[in-house]
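Mapping of the sequence shown onto my numbering: position 116 corresponds to residue 140, and the numbering continues sequentially without gaps. In what follows, a single structure is set out as structure tokens and then discussed.
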Amino acid sequence: MAAVNVNGRNRIAASPHSLLCSLILPSAITLISCALFGVTFRYAVRRDLDNFQLKTGTSAAFGFVKGLATRAGGPPMELEINSVLSHAFTGAVYVSENLLIFLFAALSLDFSVKLGILSPFPIEPSVSSTKTD
Numbered sequence: 025m026a027a028v029n030v031n032g033r034n035r036i037a038a039s040p041h042s043l044l045c046s047l048i049l050p051s052a053i054t055l056i057s058c059a060l061f062g063v064t065f066r067y068a069v070r071r072d073l074d075n076f077q078l079k080t081g082t083s084a085a086f087g088f089v090k091g092l093a094t095r096a097g098g099p100p101m102e103l104e105i106n107s108v109l110s111h112a113f114t115g116a117v118y119v120s121e122n123l124l125i126f127l128f129a130a131l132s133l134d135f136s137v138k139l140g141i142l143s144p145f146p147i148e149p150s151v152s153s154t155k156t157d
């Protein structure tokens with residue numbers, strides 16, 4: 025969306041292109057990231073459903089990677105203190121935002137598994153532990 029100055033007041037002009045870039049595309053990226061996180065989270069905790077470090081570590085890894093990737097997609101950093109501080113602050117905001125998104129997703133998945141709505145991925149028996157007759 026673009027801000028347009030009309031009679032001394034800022035108005036928001038919504039064009040199809042700006043709506044796509046500012047609302048739909050980031051929402052789709054977040055939805056796809058959370059879906060991939062859900063599959064990975066269920067697979068990671070399938071053997072140890074009560075491992076707090078594994079659950080938070082999976083969430084933190086996804087949050088840091090997505091937050092830093094978002095920051096890397098922005099304008100390049102210049103070698104001056106204002107640019108460095110601006111990039112550091114913006115990066116911290118992106119990482120924090122994504123950490124919260126994936127922590128809430130992990131809590132939702134954990135709650136769903138405990139209620140029986142979802143099940144963790146099944147553990148397949150290894151070849152050495154199966155009996156052959």
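Each residue gets a CB set at the ideal place from its N, CA and C atoms; glycine is no exception.
With contacts defined by Cβ atoms closer than 9 Å, Arg95 and Tyr67 do not form a contacting pair.
Following the DSSP letters along the chain, one finds Ser107 inside the alpha helix (DSSP H) bounded by residues 105–139. DSSP places Leu49 inside the alpha helix (DSSP H), whose first and last residues are 49–68. Between Val108 and Leu47, the alpha-carbon positions lie close to 28 Å from each other. DSSP places Gly91 in the uninterrupted alpha helix (DSSP H) bounded by 76–96. Taking Thr82 as the centre and dropping the five residues before and after it, the same chain places the C-beta of Phe65, Ala68 closer than 6 Å to its C-beta, in chain order. Phe126 is positioned such that its CB atom lies closer than 9 Å to that of Phe61.
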